[in-house]
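Colleague: In our numbering, the protein residues as written are 33 to 605. Here a beta-carbon is modelled for each residue, glycine too, at the ideal position from N, C-alpha and C.
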Ligand SMILES: [Zn+2]
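(1) Rounding to the nearest angstrom, what Cα-Cα distance links residue 79 and residue 431 in this structure?
(2) Is the beta carbon of residue 552 less than 7 Å from the beta carbon of residue 390?
(3) What residue ranges within the stretch 429-473 form continuous alpha helix (DSSP H) runs of no fewer than 4 residues, ordered along the chain?
(4) Please work out which residues of its chain come closer than 6 Å, Cβ to Cβ, to residue 222, disregarding the five sequence neighbours upstream and downstream, and give them in chain order.
(5) Classify residue 62 as helix, strand or coil using the three-state DSSP reduction.
(6) What residues in its chain sit with their C-beta under 8 Å from that of residue 533, if we drop five residues either side in the sequence?
(7) CB of residue 456 to nearest heavy atom of ligand 1: below 6 Å?
(8) How do the stretch 441-458 and the stretch 386-402 stand: do at least 3 beta-carbon pairs fall below 8 Å, yes or no?
(9) My assumption, with CB atoms under 8 Å, is that residue 328 sits in contact with residue 545. Please give the rounded CB distance.
(10) For residue 280, which option in 405, 97 and 145 has the closest C-alpha, if you only look at C-alpha atoms?
(11) Taking the straight line between their C-alpha atoms, what separation do you get for residue 405 and residue 90?
(12) If we ignore side chains and look at the alpha-carbon of each, how far apart do residue 277 and residue 297 end up?
(13) What does DSSP give as the partner residues of residue 345 in its beta bridges?
(14) Between which two residues does the alpha helix (DSSP H) holding residue 601 run?
(15) Return yes when the Cβ of residue 475 is within less than 7 Å of the Cβ of residue 517, no when it is not.
(16) Alpha helix (DSSP H) containing residue 367: first to last residue?
(17) Is residue 584 closer than 7 Å to residue 409 when the C-beta atoms are compared?
(18) Excluding the 5 residues flanking residue 588 on each side, which residues of the same chain have their C-beta closer than 6 Å to its C-beta?
(19) Are there three or more Cβ pairs, one per stretch, closer than 8 Å when the stretch 345-361 is compared with the stretch 182-201?
(20) Touching or not, the stretch 411-426 and the stretch 370-379, by the rule of three or more beta carbon pairs under 8 Å?
(21) Is residue 521 helix, strand or coil when you go by DSSP?
(22) Relative to the C-alpha of residue 619, which candidate in 243, 164, 378 and 235 has its C-alpha closest?
(23) Going by alpha carbons, who is nearest to residue 82 out of 196, 567 and 238?
(24) For the structure I just gave you, are there three or more beta carbon pairs, one from the stretch 465-475 and one from the stretch 493-507, closer than 8 Å?
(25) For the structure I just gave you, are there three or more beta carbon pairs, one from the stretch 318-333 and one from the stretch 375-391, closer than 8 Å?
(26) Would you list the one or two residues that DSSP bridges to residue 330?
(27) Ligand 1 and residue 394: does the residue's C-beta get closer than 6 Å to at least one heavy atom of that ligand?
(28) Taking buried to mean at least 16 other C-beta atoms within 10 Å of its own C-beta, is residue 59 buried or exposed?
(29) CA-CA distance, residue 104 and residue 411?
(30) If the criterion is Cβ atoms closer than 7 Å, does the pair residue 419 and residue 357 meet it?
(31) With a threshold of 7 Å on Cβ separation, who are the neighbours of residue 490 within its own chain once the five nearest residues in sequence on each side are excluded?
(32) Please classify residue 414 as buried or exposed, where buried requires at least 16 neighbouring CB atoms within 10 angstroms.
(33) If you compare alpha carbons, which of 586, 535 and 232 is closest to residue 447?
(34) I need the straight-line Cα distance from residue 536 to residue 494, nearest angstrom please.
(35) Rounded to whole angstroms, what is the Cα-Cα separation between residue 197 and residue 232?
Structural data, given as structure tokens:
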């Protein structure tokens, strides 16, 4: 979290609250102050009445259903996935939503390609003076960047490219126009974190994520990319790279976009040896790469690599339900609520012999929240001015693939999507004083959310783990990439009537024991009181956005502002 952005958000919130107060002729009691901070667009008793439709028992029913063993963990392309999609479409129909897919159906189908590369046991790099052979698993992990039966790099030169970033808004370009066609690019992870004015300081931006790095190399026409792993720059140990980059990797079918043949990781020690084989020092190269005037450094080392790749195909779908807007001038614009309906399916059994990864909290509960919000919106006497789309997206756990497909094939033009509000792995522990907004300080959504939070007397906290890049790890990211201002709430930690440390301990325990495990199962003892409050934050925020005169905007200079301007520009063409 950039402190200045946070400060700006707070000042904005105070300013917005202040405007409301001036309009109020009542005495400034706590109650009227609360009411006056609400945008007039949502200040009506009917919206309060409709909000009562966000009910814990309604959400419970949905969570208990789709996290049942009968749904077999809702793995993309499986029978359980199909059953869940059918059930969710039925729920949408029962709420009175309209089918939201382009062909008038509930489901937007997409193909998945499963890629399983047979990694070579060793990888050799040859320089004029010395050569070096690295060992798979211990020193490197490599995946296929192509959806073909063979991935090949032949006699490609290795070039150190620093962070491998091109960011015009920070006047930063690591490539400086160098011809990198057919090269293998060796790059650092993360983005500069030592200066709050540069890449948002400690907050990891998309530039600091591996998916950006590989894409950035492919845009240069590179043959491959190698990311240098360090625990601080990745946010996790090399072991996570080893386990998550082996086995089948799912993607959407390749289009005509540029692709690397291979995408690799090496340990820091292996990178040090590789650079030493070129007669250079890794620390000196990294030091040089911390400056804007850095230029790519060819290492004078060549490498070849060939892998057999097994390709599988499957199909899943996003389930889309629409509530058309009531204002003829604005109903072609939309607020999109998302939650992923998939989970990990059937996999390795745990110690109890349970092999079904039910995904009850992650993310049957997020799905239930968005349907509860839709239920409340449908209970309004007049629907909001803009349309509302509930998009229950698939294949999130495989790399945000359903939302990626939606973003590439949106049912509303990107410049007409006012905002995205996403729920993933929400709170089931009861009411909390706080809630965490991943992305606070990035857009004018802050002002709508802060108003909604004020109604509940709750505090909005910035992401508690800014270096983890949470904004880029759930479905809202794909909306942000096409320019849509987005909101992603994570549970609070300060729970009502609990000791201060309780919430964090419970969360740590969940991540240590149940996260992405067969034990993420529905428990009737779950407390949905806080889930209702978190859903209402999304309800009020979405309602305010759907009824406002103007759509939200990214804060000036934000990493996604340029994409939004492009999307708005495209509307006029
Ligand atoms: Zn999730």
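Modeller: On the basis of the coordinates in this document:
(1) 36 Å
(2) yes
(3) 433-440
(4) Sequence-distant partners of residue 222 (beyond 5 residues in either direction) whose C-beta falls short of 6 Å from its own C-beta, in its chain, are 240 and 265.
(5) Caution is warranted here: a pLDDT of 34 is assigned to residue 62, below 50, making its placement in the model unreliable, and the coordinate value is therefore given only provisionally. The answer is helix: DSSP assigns residue 62 an H, G or I state.
(6) There are no such residues.
(7) yes
(8) yes
(9) About 45 Å separates the beta carbons of residue 328 and residue 545, which is beyond the 8 Å limit, so they are not a contact pair.
(10) 145
(11) 11 Å
(12) 9 Å
(13) 145
(14) Boundaries of the alpha helix (DSSP H) around residue 601: 593-603.
(15) Yes, the pair counts as a contact, with Cβ atoms nearer than the cut-off.
(16) Per DSSP, residue 367 lies in no alpha helix (DSSP H); the unbroken beta strand (DSSP E) holding it starts and ends at 366-372.
(17) no
(18) Annotation for residue 588: no residue places its beta carbon closer than 6 Å to its own, counting only its chain and skipping 5 residues before and after.
(19) no
(20) Yes: the two stretches touch, three or more of their Cβ pairs being nearer than 8 Å.
(21) strand
(22) Since the first and last residues shown for the chain are 33 and 605, residue 619 lies out of range.
(23) 567
(24) yes
(25) Taking one beta carbon from each stretch, the stretch 318-333 and the stretch 375-391 have fewer than 3 pairs nearer than 8 Å; the two do not touch.
(26) 191
(27) Taking 6 Å as the cut-off, the C-beta of residue 394 counts as close to a heavy atom of ligand 1.
(28) With a pLDDT of 35 at residue 59, under the threshold of 50, the modelled position of that residue is not reliable, and the figure given next carries that caveat. By the neighbour-count definition (other C-beta atoms within 10 Å, threshold 16), residue 59 is an exposed residue.
(29) 33 Å
(30) yes
(31) 465, 466 and 467
(32) exposed
(33) Checked all of 586, 535 and 232; the closest Cα to residue 447 is 586.
(34) Straight-line measurement puts the Cα of residue 494 at about 15 Å from the Cα of residue 536.
(35) Going from the Cα of residue 197 to the Cα of residue 232 covers about 14 Å.
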